[in-house]
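One structure is given here, and the rest of the page talks about it.
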Amino acid sequence: MTDKASIGGLTADGSAFVGTVYRSYAQSIQSGFIWSAANGVQPVGDRPANSPLIQAESYTSNDISADGSVIVGKAAGAVFGMAGAYRWTQEGGFQSLGTLPNGFASEATAVSGDGKVVVGFDGFNSGEGFRWTEAGGMQSLGFLSGGEAIRADQPKATNYDGSVVVGMALTGDYKQNAFRWTEQTGMQALPTLDNKLTVANGISWDGSVIAGHSQKGYYSQAVRWVDGEIASLGGLNGADMSLSWAYDVSGNGAVIVGDVSGNASRNNGFRWTEESGMVTVEDWLRASGAEVPSNFPGQSDITLSAEATNEDGSVVVGRTRNDEVYIARGNGDGPTGGNTGGGGNSGGGGNTGGGGSNGGGNAGGGSTGGSGTGGNAGGGTAGGGNTGGNTGGGTGGVGLITLTSLATSLGTTASVATATLNSFGMIVNGAGSRPLDRRAPAGKSITWVGGDWGSDDHGSRDGTLGLGEFGFGHNFGPVQLNGVVGYTGLNQNTTYGGTTDANAGYVKLEAMGLLAGDEVSGLWGIVTGVGLWGEADITRNYLVNGGLIDSSRGNSDIEGYGIRGRLEWENAVPYLSPYLEASYANTCLGAYTETGGAFPAAFNKLCDDDTELRYGFDATVPLGEKFSVIGTLEGVHRFESHGSNVTGQVIGLGGFNFAGASYQQDWVRAGLGFEVDISGSKLSVMGNLTSRGEASNAWVAANWRVTF
Numbered sequence: 000m001t002d003k004a005s006i007g008g009l010t011a012d013g014s015a016f017v018g019t020v021y022r023s024y025a026q027s028i029q030s031g032f033i034w035s036a037a038n039g040v041q042p043v044g045d046r047p048a049n050s051p052l053i054q055a056e057s058y059t060s061n062d063i064s065a066d067g068s069v070i071v072g073k074a075a076g077a078v079f080g081m082a083g084a085y086r087w088t089q090e091g092g093f094q095s096l097g098t099l100p101n102g103f104a105s106e107a108t109a110v111s112g113d114g115k116v117v118v119g120f121d122g123f124n125s126g127e128g129f130r131w132t133e134a135g136g137m138q139s140l141g142f143l144s145g146g147e148a149i150r151a152d153q154p155k156a157t158n159y160d161g162s163v164v165v166g167m168a169l170t171g172d173y174k175q176n177a178f179r180w181t182e183q184t185g186m187q188a189l190p191t192l193d194n195k196l197t198v199a200n201g202i203s204w205d206g207s208v209i210a211g212h213s214q215k216g217y218y219s220q221a222v223r224w225v226d227g228e229i230a231s232l233g234g235l236n237g238a239d240m241s242l243s244w245a246y247d248v249s250g251n252g253a254v255i256v257g258d259v260s261g262n263a264s265r266n267n268g269f270r271w272t273e274e275s276g277m278v279t280v281e282d283w284l285r286a287s288g289a290e291v292p293s294n295f296p297g298q299s300d301i302t303l304s305a306e307a308t309n310e311d312g313s314v315v316v317g318r319t320r321n322d323e324v325y326i327a328r329g330n331g332d333g334p335t336g337g338n339t340g341g342g343g344n345s346g347g348g349g350n351t352g353g354g355g356s357n358g359g360g361n362a363g364g365g366s367t368g369g370s371g372t373g374g375n376a377g378g379g380t381a382g383g384g385n386t387g388g389n390t391g392g393g394t395g396g397v398g399l400i401t402l403t404s405l406a407t408s409l410g411t412t413a414s415v416a417t418a419t420l421n422s423f424g425m426i427v428n429g430a431g432s433r434p435l436d437r438r439a440p441a442g443k444s445i446t447w448v449g450g451d452w453g454s455d456d457h458g459s460r461d462g463t464l465g466l467g468e469f470g471f472g473h474n475f476g477p478v479q480l481n482g483v484v485g486y487t488g489l490n491q492n493t494t495y496g497g498t499t500d501a502n503a504g505y506v507k508l509e510a511m512g513l514l515a516g517d518e519v520s521g522l523w524g525i526v527t528g529v530g531l532w533g534e535a536d537i538t539r540n541y542l543v544n545g546g547l548i549d550s551s552r553g554n555s556d557i558e559g560y561g562i563r564g565r566l567e568w569e570n571a572v573p574y575l576s577p578y579l580e581a582s583y584a585n586t587c588l589g590a591y592t593e594t595g596g597a598f599p600a601a602f603n604k605l606c607d608d609d610t611e612l613r614y615g616f617d618a619t620v621p622l623g624e625k626f627s628v629i630g631t632l633e634g635v636h637r638f639e640s641h642g643s644n645v646t647g648q649v650i651g652l653g654g655f656n657f658a659g660a661s662y663q664q665d666w667v668r669a670g671l672g673f674e675v676d677i678s679g680s681k682l683s684v685m686g687n688l689t690s691r692g693e694a695s696n697a698w699v700a701a702n703w704r705v706t707f
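For the record, in the sequence shown the residue sitting at position 294 is 293 according to numbering that gives the first Met the number 0, with numbers rising by one throughout.
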């Protein structure tokens, strides 16, 4: 996501949030998005990410329910046939909410925590406030005194069960007031600091705490209303006041977030509690144990805003100074899973999830009248083939990370799997290439040692790999059988200095026999099978806290198997032996859970297939009795177009599912070397190069063999 974005609401556990991307030059064309650790940034609903930049397909995403199942916003006519407010669910898709009587356009600005109530206004940028339910449809909230003649209200938020609505409304004298609405009281103006402009932007789940801002003198000040009484949130460093705006309040009412000016005349995101007062998001992270660099003594210059927070304020979402969306995670405040009703306790559904592939189902939701909000979603940690649940708690680290950095670092696991497959391919097509060179005369045996070493730098890969092996074979006449044991290792450098070191042992069994012709010029069939077992040490690096490199580390098992079938006509023409080869390999990186770092992750088992067709020829050109020039030229086609998805969960945030890397399906390999007879044994050395593809880009193969 590279365009400017605004942030909407955040789920209870902080694992997903919604917002709007402004995609045109004049920011007149919007696309609503949802971010989740499960899928990264995605358009809401089934809207294509690359949809045309036309006004008729604009839509916003303004809020999300506590369990992430309901999203609301405004859509243009091409999205669902009628411009206006919408409510989206996975089951029902985009649902138009219509307009008020005699209305002409509507926008949904917020949804209740339980997803059952939607609030907004009927108008363009403001209008007549409404409250929508499935049973009652769209109902007017009414007006403050004289406001019906102006119709410029903006409901901003509602509590967990939708019984309390807050926002901004005008009176007949065009004064802008924060308001609170309930069915019993109707719309009422909230107190102000100085009888001037006020706006209410957020509300706790039980409706008792409201956050917003109120003008005093020439300054807008972040404020909160508790049981109808207004109080300034003060300023940074204990100041009585700062130019500031509050945008959201945690579900439990203990934490308020917003923007504050005063940090060397810069804006910062702030986080406020009664205990800490107003502090920058950066200082909250420091107090939570994170290392945050400072551009000024005791200050920092990372966040531009703080726009949404979760149930206990442990997750804050906003924008950085370079307009990237960030997620900050630190210590929470106040209880979780408590009462969430405004006119009663709205509840919860207990703990959800529990050991599924990505941590279980939705967190909370349920109907009003219960207690709690579902607590932590999931349960358990990664293990076995798939990771567990645990997406709701504080088992992860603390820190701030942008969506770009998080997605980039998690995706590096796909390159690890690709590199592992490349190592497997070298076993067969590096030291294992030119199989007729390891043929013994009938009734004789052969033994050899060999190895490869090279670089694997195609595309985004950056590493080295090598192997060494010992082989023995005996020619029984109709067929020769070979057995090989070996050891392979690879090193890959990944994003921001991360590394992957993988080491594995392997065994290889091979059978070859003459199918037609004779020993001088004949058609040979070769079948090879390989098994591999080892482990990988993975250090995943990522940028946190405005530029620091953090690391999370894990260890995973590696296993794989493969088979190759080859037909080669030796000396079909003098010195040239054309061949056709098909192979299949499967390599798996076992499930593992990282430790350390601010955003460790648990990765599910990742398996990848490699099905290839190779065609080419081997060449052996004698330049004397004991010296020959050898070479190979082949084309390769890989049938898979992309790798397997990388899945798992960021501990404490939620699951992820990133598309596998796209593969280059066709490439060419060329090899050139020599073979020399040394006292009856033979030494061969050959250098190999490949065009851009999924094979290693360059390596040297050496083999020394003795027949007896």
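Cβ coordinates follow ideal geometry from the N, Cα and C atoms, glycine included.
Here the structure is a predicted model, which means the values were calculated and not measured.
query                                                                                                               : result
Residue span of the alpha helix (DSSP H) that contains residue 744, given as start and end                          : The structure shown does not extend to residue 744, since the chain is modelled only from 0 to 707, so the question has no answer here.
Identity of the residues DSSP links to residue 467 by a beta bridge                                                 : 450 and 486
Helix, strand or coil at residue 67 [DSSP, three-state]                                                             : coil
Per-residue DSSP class, three states only, for residue 277                                                          : strand
Cβ-based burial, residue 152 [other Cβ within 10 Å; buried from 16]                                                 : buried
Cα-Cα separation, residue 606 to residue 451                                                                        : 25 angstroms
7 angstroms CB neighbourhood of residue 574 in its chain, flanking five on each side removed                        : 618, 619 and 620
Sub-8 angstroms separation of residue 85 and residue 99 beta-carbons                                                : no
For residue 134, three-class secondary structure by DSSP                                                            : coil
Burial state of residue 217 (16 or more Cβ within 10 Å)                                                             : exposed
Start-to-end residues for the beta strand (DSSP E) that takes in residue 103                                        : Segment: none, residue 103 is in no beta strand (DSSP E) and carries neither H nor E.
8 angstroms Cβ cutoff met for residue 444 and residue 472                                                           : yes
Residue 404 at chain B interface by Cβ criterion, 8 angstroms                                                       : Judged by its chain identifiers, the structure shown contains no chain B, having just a single protein chain.
Local conformation of residue 384 per DSSP, three classes                                                           : Here residue 384 scores only 34 on pLDDT, less than 50, and its place in the model is too uncertain to base an answer on.
Residue 660 classed as buried or exposed, judged by whether at least 16 other C-beta atoms fall within 10 angstroms : buried
Beta-bridge pairing of residue 127 - partner residues as DSSP gives them                                            : 121
Beta-bridge pairing of residue 61 - partner residues as DSSP gives them                                             : None; residue 61 has no bridge partner.
Cβ shell of residue 692 (< 6 angstroms), same chain only, five flanking positions each side left out                : 663 and 666
Residues that residue 544 bridges to, as DSSP identifies them                                                       : None; residue 544 has no bridge partner.
Cα-Cα separation between residue 501 and residue 437, rounded to whole angstroms                                    : 28 angstroms
DSSP beta-bridge partners of residue 9                                                                              : 16
Backbone secondary structure at residue 148 - three-state DSSP                                                      : helix
Closest residue to residue 626 among 699, 655, 657 and 675 (Cα-Cα distance)                                         : 675
Residues bridged to residue 212 [DSSP beta-bridge criterion]                                                        : 198 and 221
Beta carbon of residue 220 nearer than 8 angstroms to that of residue 243                                           : yes
Classification of residue 92 by the beta-carbon crowding that lies within 10 angstroms, buried from 16 upward       : exposed
Residue 19 beta carbon less than 8 angstroms from that of residue 709                                               : The requested residue 709 does not occur in the structure, where the chain is confined to residues 0 to 707.
Proximal residues to residue 538 (C-beta, below 7 angstroms), its chain only, five neighbours per side dropped      : 497, 498, 550 and 552
Candidates 157, 104 and 651: closest to residue 115 by CA position                                                  : 157
When 301, 33, 476 and 556 are compared against residue 710, the one with the closest alpha-carbon                   : Residue 710 cannot be examined here, being either before or after the span of the chain that is shown, 0 to 707.
Burial state of residue 363 (16 or more Cβ within 10 Å)                                                             : Because the pLDDT at residue 363 is just 34, under 50, the model does not fix this residue reliably, and the value given afterwards should be weighed accordingly. Flag for residue 363 reads buried.
Anticipated Cβ contact below 8 angstroms, residue 111 with residue 159, distance rounded                            : 6 angstroms
Inter-residue spacing [alpha-carbon to alpha-carbon] between residue 717 and residue 545                            : Because the chain spans 0 through 707 in this model, residue 717 falls outside it and cannot be assessed.
Buried versus exposed call for residue 504 [16 or more other C-beta atoms within 10 Å across all chains shown]      : exposed
Inter-residue spacing [alpha-carbon to alpha-carbon] between residue 529 and residue 506                            : 6 angstroms
Nearest-angstrom beta carbon gap, residue 470 and residue 482 [assumed within contact, 8 angstroms]                 : 7 angstroms
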